[in-house]
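Chemist: This is the structure I have questions about; it appears just below.
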Amino acid sequence: MEQGGRMTSSLRQLQDHFFDRILAGRGDALAQEVVGTERVPVEVRLAIYTEGYRLRLIDALEDMYPALHTLVGDDAWDALTNQYISITPSHHFSIRYYGGSLANFLRDTAPYSEQPCIHEMAQFEWMLRDVFDARDADSVTLASVAEAGIVEWGDVKFTLHPTVRFLELSWNVPGLWKAIEQQGDPIAPVESDHVITWMLWRSDLTTYFRALDPIETRFYTGLDKQTFGELCEDLAQHTGEQSATLAAGFLRKAFDDGLIAALQIDHCPDRGSN
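Take 21 as the starting number for the sequence shown in the numbering used here and just add one per residue.
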């Protein structure tokens, strides 16, 4: 239908034309729906929305990945974010989730795929945000455990706090992140000769992270999958007679760090969780 010399469309068609312009740069159909003036031509009006969309996404990525930005430098960051935005439109109603696939983009896209350190930095920064935003829950304390009077520790199972995450890294990304965050002396990216597991969690609105050695990794990653007795048996295969002492120390540290949200005893379900 034509009105006043211009084409008019249904609301749905108009929305489709608008998204084509914003997301894909195809603006001919939308241009037919917009009235321009001598002072503000049609293309200028359309550019306000197109550029505004991109700038908002760039701002969001900057907020999510400040250390990555510093690590790659301003010029590379501009190219990186513009390329990512061009092939990755925002599909979620909340912009908070927009940068979730940036690490995969860096891993799979040249020339960034030739720099695995920046892929790992993106993974680390995204997980820091994920930990901070994760669902909250109370943590079990040693005091509450003592009050429960647990005797058969071998049958106890644990539930990890919902903020706990594990991430395998080959580069000194946490050290790089910390130096950038604290505006300290810059350090060089260094690749380890083996993969290191990092544990991240939140306590009292503060996000923490620390590296785990291989024995700690076996314990903490199994904490919500095995009973304490099974954990001790598993450690015994790798540490010998000192496994019980190690496991007890690791468990105390887990309580101190607020990593445990609940516990229960397998053979006595009526005792519930604490």
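Here a beta-carbon is modelled for each residue, glycine too, at the ideal position from N, C-alpha and C.
(1) Say whether the stretch 182-201 touches the stretch 137-150, bearing in mind that this needs 3 or more beta-carbon pairs closer than 8 Å, one atom from each stretch.
(2) Which residue wins for smallest C-alpha separation from residue 178, given the options 242, 260, 219?
(3) Starting from residue 177, follow the beta strand (DSSP E) in both directions and report where the run begins and ends.
(4) Going by the beta-carbon positions, is the gap between residue 281 and residue 199 smaller than 7 Å?
(5) Could you round the C-beta distance between residue 176 and residue 248 to whole angstroms and report it? I think they count as a contact, below 8 Å.
(6) I need the straight-line Cα distance from residue 277 to residue 71, nearest angstrom please.
(7) Is residue 78 near the ligand FMN, going by C-beta to nearest heavy atom under 6 Å?
(8) Leaving out the 5 sequence neighbours to the left and right, which residues in its chain are closer than 8 Å to residue 77 when beta-carbon positions are compared?
(9) Under the DSSP definition of a beta bridge, which residues are partnered with residue 279?
(10) Could you check whether residue 227 and residue 279 sit closer than 7 Å to each other, using their CB atoms as the reference points?
(11) Which ranges would you report for the alpha helix (DSSP H) in the stretch 110-143 if only whole runs of at least 4 residues count?
(12) Taking only the alpha-carbon atoms, compute the straight-line gap between residue 252 and residue 169 and give it to the nearest angstrom.
(13) So residue 155 is in the alpha helix (DSSP H); what residue range does that whole segment cover?
(14) Helix, strand or coil for residue 226, going by three-state DSSP, please let me know.
Modeler: So, from the listed chains and residues:
(1) yes
(2) Taking the sequence shown and counting its residues from 1, the one referred to as residue 178 is at position 158. Checking every option, the nearest Cα to that of residue 178 belongs to 242.
(3) What you label residue 177 is simply residue 157 of the sequence shown in a count that begins at 1. Residue 177 -> beta strand (DSSP E) spans 176-180.
(4) For this step, residue 281 is matched to residue 261 along the sequence shown. For this step, residue 199 is matched to residue 179 along the sequence shown. Not a contact, by the Cβ cut-off of 7 Å.
(5) Translated into the one-based positions of the sequence shown, residue 176 becomes position 156. Translated into the one-based positions of the sequence shown, residue 248 becomes position 228. That pair is a contact at about 5 Å.
(6) Here residue 277 corresponds to residue number 257 of the sequence shown, with the count starting at 1. Here residue 71 corresponds to residue number 51 of the sequence shown, with the count starting at 1. Taking the straight line from one Cα to the other gives about 45 Å.
(7) This structure simply doesn't include the ligand FMN, nor any ligand for that matter.
(8) Reading the sequence shown from its first residue, position 57 is the one you call residue 77. Within the same chain, residue 77 has close Cβ partners 101, 105, 110, 115, 118.
(9) On the sequence shown, position 259 is the one that residue 279 refers to. Per DSSP, none; premise fails for residue 279.
(10) Position 259 of the sequence shown, counted from the start, is the residue given in the question as residue 279. Position 207 of the sequence shown, counted from the start, is the residue given in the question as residue 227. No; because the gap between Cβ atoms is not below 7 Å, this pair is not in contact.
(11) 122-128
(12) The residue labelled residue 252 in the question sits at position 232 within the sequence shown. The residue labelled residue 169 in the question sits at position 149 within the sequence shown. Cα-Cα distance, rounded: 20 Å.
(13) Here residue 155 refers to the residue found at position 135 when the sequence shown is read from its first residue. Careful: residue 155 lies outside any alpha helix (DSSP H) and carries neither H nor E.
(14) By 1-based counting over the sequence shown, the position of residue 226 is 206. Strand, per DSSP.
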